[in-house]
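**Q** In mature numbering (1 follows the signal peptide of the UniProt record, and there is no 0), the protein residues as written are -18 to -1, 1 to 187.
1. Let me make sure I understand the geometry here. Which of 179, 101 and 126 has the alpha-carbon closest to that of residue 91?
2. Could you tell me the distance, in whole angstroms, from the CA atom of residue 67 to the CA atom of residue 113?
3. Along the chain, where does the beta strand (DSSP E) containing residue 114 start, and where does it finish?
4. So if DSSP puts residue 91 in a beta bridge, which residue, or which two residues, is it bridged to?
5. Would you list the residues sitting across from residue 164 in a DSSP beta bridge?
6. Identify every residue that forms a DSSP beta bridge with residue 184.
7. Could you name the residues of the same chain whose beta carbon sits closer than 8 angstroms to that of residue 185, not counting the 5 residues immediately before and after it, in chain order?
8. For the beta strand (DSSP E) that contains residue 131, what are its first and last residues?
9. If you pair each beta-carbon of the stretch 130 to 145 with each one of the stretch 104 to 113, do three or more pairs fall below 8 angstroms?
10. Below 8 angstroms on the Cβ atoms is my guess for residue 98 versus residue 111; work out the distance and round it to an integer in Å.
11. Under the rule that 16 or more other beta-carbon atoms within 10 Å means buried, what is residue 208, buried or exposed?
12. Do the CB positions of residue 108 and residue 89 come within less than 8 angstroms of each other?
13. Using only the alpha-carbon positions, how far apart do residue 168 and residue 144 sit?
14. Please classify residue 42 as buried or exposed, where buried requires at least 16 other C-beta atoms within 10 Å of its C-beta.
15. May I ask you to list the residues that DSSP assigns as paired with residue 45?
16. Could you tell me the alpha carbon to alpha carbon distance between residue 187 and residue 154, rounded to whole angstroms?
17. Name the residue from 84, 139, 60 and 175 whose alpha carbon lies nearest to the alpha carbon of residue 126.
18. Going by the beta-carbon positions, is the gap between residue 150 and residue 86 smaller than 8 angstroms?
19. With DSSP as the reference, please indicate the residues paired to residue 108 in a beta bridge.
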């Protein structure tokens, strides 16, 4: 028996005993999505109507700068707390369309206005969120089920952990093809297509 970390959907779980069977890791027991008091779905919860078509932000393939922060648009941020309201427009008088309900979930900023940032999740859902609810800490969501975290950014290196689809992890370094992610005391490299929260051509050192 050797120890391997398993990153569960919506949260990072600590070390789990794993057995190596015919070259593959198998995990004892089952992990329901509602097993922990603080384990919540990282996807947003629809609380009112979906965003209207005229509220959508058109995207330009060329990178732009935000008129408020002068930071790149689009760019990635993360949810600072455990809950964040996404509104129809950039003010408290606008109705709430969505509620993000998982601290650390990555979000993509696509527009700015005053103290408000227009954000969307990996499925394109979202709205206007007050900047105080957002953090510059970079995170990512695993999109590949049981994604393998490796010691080095190549497919021949050792697997140190596996991550379930939906797990939220810290985003560290990125080269053109791989990103290093971490959580629960574990750290490893995964192919860029296996996570959401980083642009395909983004390099992080």
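Ideal Cβ placement from N, Cα and C applies to all residues, glycine included. Here the structure is a predicted model, which means the values were calculated and not measured.
**A** To lay it out plainly:
1. 101
2. 11 angstroms
3. Counting along the chain, residue 114 falls outside any beta strand (DSSP E), and DSSP gives it neither H nor E.
4. For residue 91, the beta-bridge partners assigned by DSSP are 57 and 101.
5. 152 and 169
6. None; residue 184 has no bridge partner.
7. 156, 157 and 158
8. 129 to 132
9. no
10. Confirmed, Cβ separation roughly 7 angstroms.
11. Examination of residue 208 is not possible in this model, given that the chain is present from -18 through 187 alone.
12. With respect to the 8 angstroms criterion, residue 108 and residue 89 are classified as neighbours on the basis of their beta carbons.
13. 10 angstroms
14. The pLDDT assigned to residue 42 is 38, lower than 50, so where the model puts this residue is not dependable; a value taken from the coordinates is nonetheless given after this. Exposed, by the Cβ-count rule.
15. According to DSSP, residue 45 bridges with nothing at all.
16. 8 angstroms
17. 175
18. The Cβ-Cβ distance between residue 150 and residue 86 falls below 8 angstroms.
19. 102
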